[in-house]
Structure formats: structure tokens, C-alpha cells
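For the sequence shown, full-length UniProt numbering gives the first residue as 1, with consecutive numbering after it.
Take a look at the structure set out below.
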Amino acid sequence: MGWCMQIKNFALDILKRSSSSWTSTLVASLDSMFDSFDAQLAAGSSASYIFPLQDFLFTFLSRALLSADPSAVPEIKKSGYVMLDKWLALQLLPTISINVLQPLEEIFLHSFSYPFWLVKSDYKKLANFVKTEANETVQRAQTDFKLTEEEAIHNLLFILGFNAFGGFLIFFISLLSSLGEQKSVHDELRKEVREKLSNNVLSFQTVQQMELVFSFVYETLRLNPPVPSQFGRARKDFELSSHDAVFQIKKGEMLCGYQPLVMKDPKIFENPDDFVYNRFTKEKGGEKLLKYLFWSNGPQSGTNGPSSANKQCPARDVVPMTAALFLAYLFQRYDEIDISSSSFATLKKAK
């Protein structure tokens, strides 16, 4: 338990230290990605965002979380996100459905773990990147949190690759998909963004004033949580209550929470299967609903938040804030946004 608490405190410390440069690092990485999209669209083709989004996230998160610059290592700059993709796929493939004929999928994909040698070479390159380019962060893990160098490197790589890169990738794809499907609300979102950004400077403080933007983000998290299932073993006997029943849980029992079901509770959320972009605004009583938003393995509000004493995602507040910054950036930069089939079909820059 003590070692796990050290790791959680280390993750929380990384996020705290990154806050001062988070927005500027994000905006710089977004500028690079969207300049590329603008060039593709100007050349007459649509701009697919799946792979550029991965490249952007890998660069941004490496710089923001680890203080490591991928451009310092040419191979990592070119293929770092691809290496992470392969490592993630090896871990996730045994647990996800790819919709092939059953029982073949279960027999050949879900019945065994895959050998590490398939990704060993790439993993070693990523670990060496962390060791050399994130040396200051690795040193802090050793001095402040009593981790060994090896523990620090592998946990930093897990935080970067699995928690941050993997989680943000899934979520941002969902966010862009929602944005494409909800084009009728773009004008409202753009109006709010530009009113609050009167000085044209994106920051945590200005984005926190964008109630509608945050509501859009929260509604995306409600319907499409990046991690749909969470597991935990009961640390003690306790009673688990629902609306109409009480369950006796014994110490040591394994529990599973399936977030898409939890966050479509019709007794809490009106029209739970519908995307209601302003559901979480004050006018709709959305502040009260945040305590039922469990995408982070804990409520979005009503508690002290993530700590070493619980299993809530350390980035409970950072993820929606980053998504809100992402949307604000889009509506500050563009007068028109058209998204179709994982591509930008139109990006009309603001005059």
C-alpha cells in the first residue's frame, strides 16, 4: 500500500508542477498541428486528425508532464507515438472486442497474454528517452518520493503512455466526434469563447468562465468516458446503496464499476441517452449533477478529490480543463468548423 501511495503522490506532484506551463505548452503544440491542417485544406484535401492528434498528444504530454522534448531524439520525434500505440495495443487487445466472428475472437485474442518481446525494442527506446530527456523528473522521483531509478522510469512511462496519452487520445476523438455531430451549437460555443477571451489570451482563469464549453466537455465525458470500467477490491466490509437496494460487500471482494451505465441513470439524468450540450450549466442545475459524473473513478465534485488515499484519477480536474482549452482554442481560431469521418472537412479561420 505504501509504495502505491508514493506513486500516486508522485503523479499528483507531476501535475501540480506542470500547471504553470500547461497552457502555453498546449497552445504551442496546437499551433503546430492546426497550421498543418490549414495547409492540407488549402491544398484542396480534407485533413484526417487521427494520427496528427496522436503526434500532438505525445509531444505536448512529454513536454508538459516530463519536461522532455521529443525533438531532442529524432527517432522519438518521428515515431514515439507509434511506439506507444504498439505498447498500448499489446496490453489492451486481450480485453477489448474488435467485432470478429465469435468464438474465434475469444479463443485467439482473449485467451492469453501477448509476449513482451513483440514491443521490447520500442519500449526500451521509450524508456531510454524518459531516462535521458526527463532526467530532472526521474531524479525528483528518487529524492522526493524514494523510488529507484528503474521504478521512476517505468512509472513515468506508464503515466505518459497509458494514463495520459491513451486516455486523452480516446477522449479527444470522442470530443471531436461530438463537436462534428453537434454543429448546431457551434455558434453559441464560439460566442461564449470570444466574449470571455476579450484579450485573446487562453488561460486556466479565462476558460473557467466558459460555462457552456465546460458543459459540452462534461456531457462528452458522461456519454463516452475514456475508461469505461474500473475495478477495485474492497478494503473492508461495507454497505453499498443504490436507489432502491442495499448490498453487503465483504472485505476482499472484487467490484467493477461500468461508467456508461452509471452515468445514464434515468433517475439522475433527464433523457440520459441524449447529448444535451448545456446539461451541466447553472440554468439546467448542472452543478448538482457533477457529483454523479464518475468518469474519473470518483465524483467530479462534492469530495476533496484525488489523493493517495483513494483510486480517483489524479487528473480529474486537469482532463476537463484541457478539453475546455482545446475547444476554446478551436473557436478562437476558426469561424467555421466542419468535421466528418475523423477528418476536418472545413476550417475557416477567424477574420
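For each residue, glycine too, the CB sits at the ideal point set by N, CA and C.
> Does the stretch 47-55 come close enough to the stretch 118-136 to have 3 or more Cβ pairs within less than 8 Å?
Replying inline: No, because fewer than three Cβ pairs between the stretch 47-55 and the stretch 118-136 fall closer than 8 Å, the two stretches do not touch.
> Which same chain residues, not among the five before or five after residue 29, have their C-beta less than 7 Å away from its C-beta?
Replying inline: Around residue 29: 56, 59, 60.
> Is the CB-CB distance between residue 47 and residue 344 below 8 Å?
Replying inline: Cβ atoms of residue 47 and residue 344: closer than 8 Å.
>> I'd like the span of the alpha helix (DSSP H) that includes residue 319, first residue to last.
In response: Annotation: the continuous alpha helix (DSSP H) that includes residue 319 extends over 318-333.
> Taking C-alpha atoms, which residue in 193, 81, 301, 263 lies nearest to residue 274?
Replying inline: Measuring from the Cα of residue 274, the nearest candidate turns out to be 263.
> What do you reckon, are the CB atoms on residue 255 and residue 238 nearer than 8 Å?
Replying inline: Not closer than 8 Å, so no.
> Taking all protein chains shown into account, do 16 or more other C-beta atoms lie within 10 angstroms of the C-beta of residue 115, making it buried, or fewer, making it exposed?
Replying inline: Answer is exposed; the Cβ neighbour count stays below 16.
> What whole-angstrom Cβ distance do residue 88 and residue 162 have, given they're in contact under 8 Å?
Replying inline: Contact flag correct, Cβ pair sits at about 7 Å.
> Is residue 1 helix, strand or coil by DSSP?
Replying inline: Residue confidence is low: residue 1 scores 49 on pLDDT, short of 50, so the model does not pin down where it sits. Its coordinate-derived value is still stated next. Residue 1: coil per DSSP, three-state reduction.
> Which first and last residues belong to the alpha helix (DSSP H) in which residue 83 is found?
Replying inline: For residue 83, the enclosing alpha helix (DSSP H) begins and ends at 74-92.
> Tell me, which residues are paired with residue 404 by DSSP?
Replying inline: Past the edges of the chain, shown from 1 to 351, lies residue 404, and the structure says nothing about it.
> Under three-state DSSP, which class holds residue 308?
Replying inline: It is coil, neither helix nor strand.
> If we ignore side chains and look at the alpha-carbon of each, how far apart do residue 41 and residue 182 end up?
Replying inline: Taking the straight line from one Cα to the other gives about 22 Å.
> For residue 309, is the beta carbon positioned less than 7 Å from some heavy atom of the ligand GTP?
Replying inline: The ligand content of the structure shown is nil, which means the ligand GTP is not present either.
> Just the Cα atoms here: how many angstroms apart are residue 120 and residue 335?
Replying inline: Looking at the two C-alpha atoms, the distance is approximately 46 Å.
>> Going by DSSP in three states, residue 230 sits in which element: helix, strand or coil?
In response: Strand.
> If you follow the alpha helix (DSSP H) that residue 153 is part of, which residue opens it and which one closes it?
Replying inline: Where residue 153 is concerned, the enclosing alpha helix (DSSP H) stretches over 149-158.
> Counting Cβ pairs, one atom from each stretch, are 3 or more of them under 8 Å apart for the stretch 271-289 and the stretch 208-220?
Replying inline: Per the Cβ contact rule, the stretch 271-289 is in contact with the stretch 208-220 (3 or more Cβ pairs under 8 Å).
>> Using C-beta distances below 8 Å, list every residue in its chain close to residue 269, excluding the 5 sequence neighbours before and after it, in chain order.
In response: Contacts found: 222, 263, 279, 289, 292.
> What runs of the beta strand (DSSP E), each 3 residues or longer, lie entirely inside the stretch 233-295?
Replying inline: Within the stretch 233-295, complete beta strand (DSSP E) segments of at least 3 residues are found at 238-241, 246-249, 254-258, given in chain order.
> If you scan the stretch 136-221 from start to end, which runs of the alpha helix (DSSP H) of 4 or more residues do you find wholly inside it?
Replying inline: Segments of the alpha helix (DSSP H) lying fully in the stretch 136-221: 149-158, 167-181, 186-196, 204-207.
>> Is it buried or exposed, residue 226, if we count other Cβ atoms within 10 angstroms and call 16 or more buried?
In response: Label assigned to residue 226: buried.
>> Please report the straight-line C-alpha distance between residue 1 and residue 147, rounded to a whole angstrom.
In response: Per-residue confidence for residue 1 stands at a pLDDT of 49, beneath the threshold of 50, marking its modelled position as unreliable; no derived number is given.
> Just reading off the alpha helix (DSSP H) that residue 123 is part of, what are its end residues?
Replying inline: Per DSSP, the unbroken alpha helix (DSSP H) holding residue 123 starts and ends at 120-133.
>> I need the straight-line Cα distance from residue 144 to residue 342, nearest angstrom please.
In response: Looking at the two C-alpha atoms, the distance is approximately 43 Å.
>> Quick check on residue 296: buried or exposed, where buried means 16 or more other Cβ atoms within 10 Å of its Cβ?
In response: Counting every other CB atom within 10 Å of its CB across the protein chains shown gives residue 296 a total of 16 or more, marking it as buried.
> Should residue 288 be flagged as near chain D, meaning a C-beta pair shorter than 8 Å?
Replying inline: The structure shown contains no chain D, having only a single protein chain.
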